[in-house]
Amino acid sequence: MNSESNKIHCPAWYKAVAIMALLWNLLGLFAIMAQMLMSQEAIDQLPQAQQDLMESTPKWVNLAAVTAVVFGVVGCVGMLLRKRWSIPTLGLSLAGVLAQQSWMHLMSDTFEVMGPSSWILPTLVLVISMGLLGLSILAGRRNWLT
0 MNSESNKIHC
10 PAWYKAVAIM
20 ALLWNLLGLF
30 AIMAQMLMSQ
40 EAIDQLPQAQ
50 QDLMESTPKW
60 VNLAAVTAVV
70 FGVVGCVGML
80 LRKRWSIPTL
90 GLSLAGVLAQ
100 QSWMHLMSDT
110 FEVMGPSSWI
120 LPTLVLVISM
130 GLLGLSILAG
140 RRNWLT
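Mapping of the sequence shown onto numbering that gives the first Met the number 0: position 123 corresponds to residue 122, and the numbering continues sequentially without gaps.
Following this line, the structure appears as structure tokens:
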């Protein structure tokens with residue numbers, strides 16, 4: 000018997016969640032790319048406090064953000080392919096989220112500069128990242144992954 004015939008049935012909702020998660024992470028990837036490719040003219044149009052925040056952001060924070068979204072995309076592809084390697088890949092994505100957000104929450108004035116509503120997206124990113132890692136672990140335990 001090959002491994003395909005031994006694969007345990009996976010519920011339809013799992014695939015739907017994995018597709019939505021992949022789209023979510025692709026949006027994140029496009030957002031990071033847009034920020035990194037922002038022209039000096041566009042940066043000059045931002046309020047001075049936002050310009051200062053962008054200038055003061057350490058390279059490791061940007062690397063953490065890229066790590067989060069790239070491994071998030073790859074991990075979601077792994078979930079769709081029902082591969083066990085999606086678990087550590089989504090773990091690396093969460094590590095990137097935690098590294099980036101540690102700077103945002105503890106080492107910068109991001110939320111003062113961007114305002115109180117700027118807590119919403121980072122919180123959502125963290126919750127979704129933790130949820131995806133949890134789902135991939137669950138899928139592994141239920142043998143939905145090979």
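From the three backbone atoms N, C-alpha and C, an ideal C-beta is built for every residue, glycine too.
In the three-state DSSP reduction, I7 falls in the coil class, being neither helix nor strand. S107 and G114 have their C-alpha atoms some 13 Å from each other.
Nearest in C-alpha terms to G95, of all of V76, F110 and F70, is F70.
Residue state for G114 is assigned as coil, using DSSP reduced to three classes.
Per DSSP, P121 is one residue of the alpha helix (DSSP H) stretching across I119 to R140. D108 sits in coil when the DSSP states are folded into three classes, being neither helix nor strand.
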